[in-house]
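Peer 1: Questions regarding the structure given below will be posed in turn.
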Amino acid sequence: MITKAHVLAEVVRTAKTNGGVPLGRQRFYTQTGIKEIDWIGKYWARWGDATRAVGVYPFRLDPFLPFFGRAPTFWAAFSEISACFALMRPDTASSKARR
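If you're matching positions, the sequence shown starts at 0 in numbering that gives the first Met the number 0 and goes up one per residue.
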């Protein structure tokens, strides 16, 4: 019988070997032999719930980084893009003020 503690320990172990990033469900199964049926519905509803339970989060590439050179918040990026469009429309008050 697979216990919750065993699954969590394996999540931590495999995440450490993967540079601190948790494995996906299929790769976790191939490396540990723990099937989805052993934990899904018993301990967690989703794989992300299991990884968050031990404090490891999947790596997410920031889509704004290549464009802005930093990771701004959504609203900062939105205001920068809006300003670019305002400059392209010569009839707007903001573009007249910038001339």
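Positions of the beta carbon are idealized from the N, C-alpha and C atoms, including for glycine.
Spatial neighbours of lysine 3 within its chain, please: C-beta separation below 6 Å, excluding the five flanking residues on both sides.
Peer 2: Position 4 of the sequence shown, counted from the start, is the residue given in the question as residue 3. Leaving aside the five residues that flank lysine 3 on each side, the residues in its chain whose CB is nearer than 6 Å to its CB run, in chain order, Tyr42.
Peer 1: Fully enclosed by the region 19-57, which alpha helix (DSSP H) runs are 4 residues long or longer?
Peer 2: 24-31, 46-52
Peer 1: If we count the other Cβ atoms within 10 Å of its Cβ and call it buried at 16 or more, is proline 57 buried or exposed?
Peer 2: Counting from 1 along the sequence shown, the entry for residue 57 is found at position 58. Flag for proline 57 reads exposed.
Peer 1: Decide if glutamate 9 is buried, meaning its Cβ has at least 16 other Cβ atoms within 10 Å, or exposed.
Peer 2: Walking along the sequence shown from the start, residue 9 turns up at place 10. It is buried - the Cβ of glutamate 9 has at least 16 other Cβ atoms within 10 Å.
Peer 1: Which two residues bound the contiguous alpha helix (DSSP H) that contains threonine 16?
Peer 2: In the sequence shown, the residue the question calls residue 16 occupies position 17. Its alpha helix (DSSP H) spans residues 3-16.
Peer 1: In whole angstroms, give me the CA-to-CA distance for histidine 5 and leucine 22.
Peer 2: Residue 5 sits at position 6 when you count from the first residue of the sequence shown. Residue 22 sits at position 23 when you count from the first residue of the sequence shown. Taking the straight line from one Cα to the other gives about 16 Å.
Peer 1: Between the alpha carbons of threonine 16 and phenylalanine 27, how many angstroms are there, rounded?
Peer 2: Taking the first residue of the sequence shown as position 1, residue 16 is located at position 17. Taking the first residue of the sequence shown as position 1, residue 27 is located at position 28. Each residue's Cα considered, the two are about 12 Å apart.
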